[in-house]
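To start, the structure under review is shown below, and the notes come after it.
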Amino acid sequence: MIRITSALVALSLVSASLFAAPAMAQQRGGVQIGGNATVIGLANNAVNAATGFLAKADQNIGAIKGDVNIAGNATVIGLANNAVNAATGFLSNACQNIGVVSSETDC
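Written out as structure tokens, the structure reads:
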């Protein structure tokens, strides 16, 4: 009986975690910081590339971006040893942000 109860408890915990909404670290827009936040982005070798018509290469290392509202303290540190970002093609665009706080939501 104890084994069946343990199995049911474990199954319910797994099921509950599957239905919980995930927190997206890369989600853009609506960033609100009410307390203290520290963002540290470390990149030894970061390479980002996009090719083609209207290609967009957007690389962010240690960045808070998009409709930022900071009511507390935010520390942002971005360290990049070798960061390469490139976009090739007609009307292509490449943006790179290292250690920034920005309200820009698009590259």
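Positions -20 to -1, 1 to 87 (mature numbering (1 follows the signal peptide of the UniProt record, and there is no 0)) are the ones given, in order, by the sequence shown. Yeah, the Cβ is synthetic: ideal placement off N, Cα and C, and Gly gets one too.
heavy atom of the ligand MG below 7 Å from residue i C-beta
{"i": "Lys36", "result": "As far as ligands go, the structure on display features none, and thus does not contain the ligand MG."}
Residue environment, residue i, which counts as buried when at least 16 other CB atoms sit within 10 Å
{"i": "Ala51", "result": "exposed"}
{"i": "Val11", "result": "buried"}
{"i": "Ile57", "result": "exposed"}
{"i": "Gly14", "result": "exposed"}
{"i": "Asn65", "result": "buried"}
{"i": "Asn25", "result": "exposed"}
{"i": "Asn77", "result": "buried"}
Limits of the unbroken beta strand (DSSP E) element including residue i
{"i": "Asp47", "result": "Element bounds for Asp47: n/a, residue is neither H nor E."}
{"i": "Cys75", "result": "73 to 82"}
{"i": "Val27", "result": "16 to 31"}
{"i": "Val64", "result": "53 to 68"}
Whole-Å CB distance - residue i paired with residue j, under 8 Å assumed
{"i": "Ala60", "j": "Ile44", "result": "16 Å between Cβ atoms; not a contact."}
{"i": "Ala67", "j": "Ala35", "result": "5 Å"}
{"i": "Ile20", "j": "Gly42", "result": "6 Å"}
{"i": "Ala37", "j": "Asn49", "result": "The Cβ separation is near 27 Å, so there is no contact."}
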